[in-house]
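Participant: Submitted below is the structure of interest, expressed as structure tokens.
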Amino acid sequence: MEERVEMKEIKVGLLGCGVVGTGVVRLLRENSSIIEEKLGARLVLKSVAVRDTGKDRGVDLDPGMLTDDFRQVIADPDISIVIELIGGCATAREYVLKAIENGKHVVTANKALLAVHGRELYEAAARSGVEIRYEAAVAGGIPVLSAIKGNMAANRFGSVLGILNGTCNYILTRMTEEGADFAAALGRAQELGYAEADPTFDVEGIDTAHKLSILISLCFGTWVAFRDIHVEGISSLTALDVNFAGRLGYRIKLLAIGKRDGDGVEARVHPAMVPLTDPLAAISGVFNAVRLTGNYVGTVMFCGRGAGMEPTASAVVGDLMAIARNMLVGVGRRTAPLGFLDENIIDVPIKPMAETVCKYYLRFSVVDRPGILAKIAGALGENGISINSALQTARSGSEAVPLVIVTHEAREMDVGRALEKIGTLEITTENPRLVRIVDEL
Ligand SMILES: NC(=O)c1ccc[n+]([C@@H]2O[C@H](COP(=O)([O-])OP(=O)(O)OC[C@H]3O[C@@H](n4cnc5c(N)ncnc54)[C@H](OP(=O)(O)O)[C@@H]3O)[C@@H](O)[C@H]2O)c1
-12 MEERVEMKEI KVGLLGCGVV GTGVVRLLRE NSSIIEEKLG ARLVLKSVAV
38 RDTGKDRGVD LDPGMLTDDF RQVIADPDIS IVIELIGGCA TAREYVLKAI
88 ENGKHVVTAN KALLAVHGRE LYEAAARSGV EIRYEAAVAG GIPVLSAIKG
138 NMAANRFGSV LGILNGTCNY ILTRMTEEGA DFAAALGRAQ ELGYAEADPT
188 FDVEGIDTAH KLSILISLCF GTWVAFRDIH VEGISSLTAL DVNFAGRLGY
238 RIKLLAIGKR DGDGVEARVH PAMVPLTDPL AAISGVFNAV RLTGNYVGTV
288 MFCGRGAGME PTASAVVGDL MAIARNMLVG VGRRTAPLGF LDENIIDVPI
338 KPMAETVCKY YLRFSVVDRP GILAKIAGAL GENGISINSA LQTARSGSEA
388 VPLVIVTHEA REMDVGRALE KIGTLEITTE NPRLVRIVDE L
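Mapping of the sequence shown onto my numbering: residues -12 to 428, in sequence order.
Following this line, the structure appears as structure tokens:
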């Protein structure tokens, strides 16, 4: 008679069941057989904690499984892995720390939590001997963190560059392809559910900076103080600058840039013009991309869906399976949370933005008089900035006309000084627009 072997079960608790949580519930159900075939064990979702247990979540959840008592899930001795999908910092931090203290492994998609409290959480996980995994926190469904910690781990990374926010990339794509202004493109993104009612975190670059701080820690083995990252969003970009970018052979993207620089790192988020020939220029709509340069692998680029229910759930459940695999063979923490051994992670200074060197696109609104270009060129030259090209559109009959200048490489501080000087010359009718050009990373 054939003997029936019971499949091992690993019990999981879920905190938060919104967009991503619902995706996780569905994925665990719909792909249960493929997960079991690969794992040789069953991942059993035992409890789901939410604020409002009466809300329709579009998935059938056994009423006995749903609770509004988060502490009950975290304390349940049956549960080995807790997934945090609440978002935000304060509550999530409290629950994750408690789960770790109770000996649970943790999976989270919460970049804000990790960017601000990551160090504390990783140290707590080390003390408790549990794993904390967070693939979904950066670039959603793209498995870039696993690649950095895994198969690319032997490299010394020189730079990491990313388009990490689908909302911004969607807005910029519409501005580029349709000539829409920022407000109209944002409105469309909100109608389609790609942007929140309050889009500040996305459009002001904060979400991208949270992700960049995680990428920098993993690539360079450093702690970066989140508040020291230079962050500019896309809300002040105009349709005119997006149009000029195209005419000059560029596309504007919101870039996250991390770069090793001597003993420090560059860590900045800002709109940037990338050449149309650069593969990053072709990343459109809600897609994300991450480009890494390692000293052996060379340059590698990942792209795919950086957010959304299904791609993000894919990354969360991938993490669950990785932890389950370790549990099944009785090992844990084979890879430290940041890839580097905890004792080898150091604090590094972030290079001040004023010291950054790059090429600049500058657009002035100038009064239409002879000699203006010479005055602007003079102020730039006095500050050591040389001009690569200048473009002035034909007279429009209006009082002010746009004058676009593309510089050679210059220091941010010098550009600031030159713009200040130009502001005193009474030849411009509004503040100049500046977009950095990134064509050599
Ligand atoms: N959405 C994405 O595409 C995406 C992509 C990558 C990463 N992430 C990250 O994944 C996490 C979850 O995002 P989401 O889009 O799924 O969020 P969401 O749709 O707003 O869902 C949040 C869930 O957490 C619960 N919750 C919220 N505040 C709470 C509190 N103070 N105490 C207890 N429960 C609370 C909510 O309960 P109720 O349902 O009862 O209100 C809801 O179930 C965030 O960290 C986010 O940054 C999201």
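No residue lacks a Cβ here, since even glycine has one placed at the ideal position from N, Cα and C.
Quick one: grab the DSSP three-state call for Arg312.
Facilitator: DSSP places Arg312 in helix when its eight states are reduced to three.
Participant: Give the straight-line distance between the Cα atoms of Pro262 and Cys345, rounded to the nearest whole angstrom.
Facilitator: Their backbone Cα atoms lie some 14 Å apart in a straight line.
Participant: Just verifying my parser: in three-state terms, what is the DSSP assignment at Pro258?
Facilitator: Reduced to three states, the DSSP call for Pro258 is strand.
Participant: Return yes when the C-beta of Asn89 is under 7 Å from any heavy atom of ligand 1, and no when it is not.
Facilitator: No.
Participant: Do Val12 and Ile70 come within 8 Å of each other at the CB atom, strictly closer than that value?
Facilitator: No, the pair does not count as a contact, with Cβ atoms beyond the cut-off.
Participant: What residue range is occupied by the uninterrupted alpha helix (DSSP H) comprising Thr154?
Facilitator: Looking at the DSSP string, the run of the alpha helix (DSSP H) that includes Thr154 is Gly153 to Glu165.
Participant: When the distance is taken between beta carbons, is Ala300 closer than 8 Å to Val7?
Facilitator: Yes, Cβ-Cβ distance for Val7 and Ala300 is below 8 Å.
Participant: Could you give the first and the last residue of the continuous beta strand (DSSP E) run that contains Met400?
Facilitator: No beta strand (DSSP E) contains Met400, which is instead part of the alpha helix (DSSP H) from Glu399 to Gly410.
Participant: On the premise that Ala124 lies in contact with Thr78, defined as a C-beta separation below 8 Å, what is that separation, rounded to the nearest angstrom?
Facilitator: Wrong, their Cβ atoms sit about 17 Å apart, outside the cutoff.
Participant: Skipping 5 residues on each side, what residues in its chain have a beta carbon closer than 6 Å to that of Ile150?
Facilitator: Cβ within range, chain order: Asn156, Lys240, Ile270, Asn275 and Ala276.
Participant: At which residues does the alpha helix (DSSP H) containing Val94 begin and terminate?
Facilitator: First-last for Val94: His92 to Thr95, but that is the beta strand (DSSP E), not the alpha helix (DSSP H).
Participant: Is Ile78 near ligand 1 - that is, is its Cβ less than 7 Å away from at least one heavy atom of it?
Facilitator: The question names Ile, yet the displayed sequence has Thr at residue 78. It does: the Cβ of Thr78 is within 7 Å (strictly closer) of some heavy atom of ligand 1.
Participant: Taking the beta strand (DSSP E) that Lys42 belongs to, which residues open and close that run?
Facilitator: Looking at the DSSP string, Lys42 is not in any beta strand (DSSP E), and its letter there is neither H nor E.
Participant: Let me check you understand the geometry: is the CB of Leu72 closer than 7 Å to at least one non-hydrogen atom of ligand 1?
Facilitator: Checking every heavy atom of ligand 1 against the Cβ of Leu72, one is found closer than 7 Å.
Participant: Quick check on this structure: which residue in Gly75, Ala243 and Gly192 has the alpha carbon closest to the alpha carbon of Ile221?
Facilitator: The shortest C-alpha separation from Ile221 is found at Gly192.
Participant: Could you give the residue range of the alpha helix (DSSP H) that holds Ser204?
Facilitator: First-last of the alpha helix (DSSP H) with Ser204: Ile193 to Phe207.
Participant: Could you give the first and the last residue of the continuous beta strand (DSSP E) run that contains Gly149?
Facilitator: Taken as a continuous stretch (DSSP letters only), the beta strand (DSSP E) holding Gly149 covers Phe144 to Ile150.
Participant: In the DSSP assignment, find the unbroken alpha helix (DSSP H) run with Asp189 in it and report its ends.
Facilitator: Run containing Asp189: Thr187 to Val190, per the alpha helix (DSSP H) assignment.
Participant: Answer yes if the region 283 to 293 comes into contact with the region 199 to 217, meaning at least three C-beta pairs across the two stretches below 8 Å, and no otherwise.
Facilitator: They do not touch, by the three-pair rule.
Participant: Please determine, among Ala134, Gly127, Leu307 and Leu148, the residue with the shortest C-alpha to C-alpha distance to Thr154.
Facilitator: Of the listed residues, the one whose Cα sits closest to Thr154 is Gly127.
Participant: Measure the Cβ-Cβ separation of Asp429 and Lys(-2) and say whether it is below 8 Å.
Facilitator: Lying before the first or after the last residue shown, residue 429 is absent from the chain, which here runs from -12 to 428.
Participant: In terms of residue numbering, what span does the alpha helix (DSSP H) encompassing Val344 cover?
Facilitator: Element bounds for Val344: not the alpha helix (DSSP H) but the beta strand (DSSP E), Val344 to Val354.
Participant: Using only CA atoms, which one of Met52, Asn418, Ala140 and Glu396 lies nearest to Gly368?
Facilitator: Considering only alpha carbons, the answer is Glu396.
Participant: Opposite Thr286 in the DSSP bridges: which residues?
Facilitator: DSSP output for Thr286 lists Thr280 as bridge partner(s).
Participant: With Thr264 as the anchor, note down where its alpha helix (DSSP H) starts and where it stops.
Facilitator: Run containing Thr264: none; DSSP gives neither H nor E here.
Participant: Distance check for Leu1 and Arg29, CA to CA, integer angstroms please.
Facilitator: Between Arg29 and Leu1, the C-alpha separation is close to 16 Å.
Participant: Near Ala172, which residues of its chain fall below 6 Å by C-beta distance, leaving aside the five closest residues on each side in sequence?
Facilitator: Ile158, Arg161 and Met162, listed in sequence order.
Participant: Can the beta-carbon of Ile68 be found closer than 8 Å to that of Met308?
Facilitator: No, these two residues do not count as a Cβ contact at 8 Å.
Participant: Determine contact between the region 331 to 338 and the region 407 to 421, defined as no fewer than three beta-carbon pairs at a distance below 8 Å.
Facilitator: In short, these stretches do not touch, since the Cβ pair count stays below three.
Participant: Sort out for me which residues DSSP pairs Val422 with in a bridge.
Facilitator: Answer by DSSP bridge pairing, in chain order: Tyr348.
Participant: DSSP puts Ser34 in a beta bridge; with which residues?
Facilitator: Its beta-bridge partners are Gly0.
Participant: To which residues of the same chain is Gly84 closer than 8 Å at the C-beta, ignoring the five residues directly before and after it?
Facilitator: According to the sequence shown, residue 84 is Leu rather than Gly. Answer for Leu84: Glu107, Leu108 and Ala111, listed in chain order.
Participant: Whose CA, out of Ala134, Gly326 and Glu17, lies closest to the CA of Glu297?
Facilitator: Of the listed residues, the one whose Cα sits closest to Glu297 is Glu17.
Participant: Quick one: is the Cβ of Phe57 within less than 7 Å of any heavy atom of ligand 1?
Facilitator: Yes, the Cβ of Phe57 comes within 7 Å of a heavy atom of ligand 1.
Participant: On a CA-only basis, which of Ala170, Leu227, Ile372 and Ala99 is nearest Arg238? Give me that one, please.
Facilitator: The candidate whose alpha carbon is nearest that of Arg238 is Leu227.
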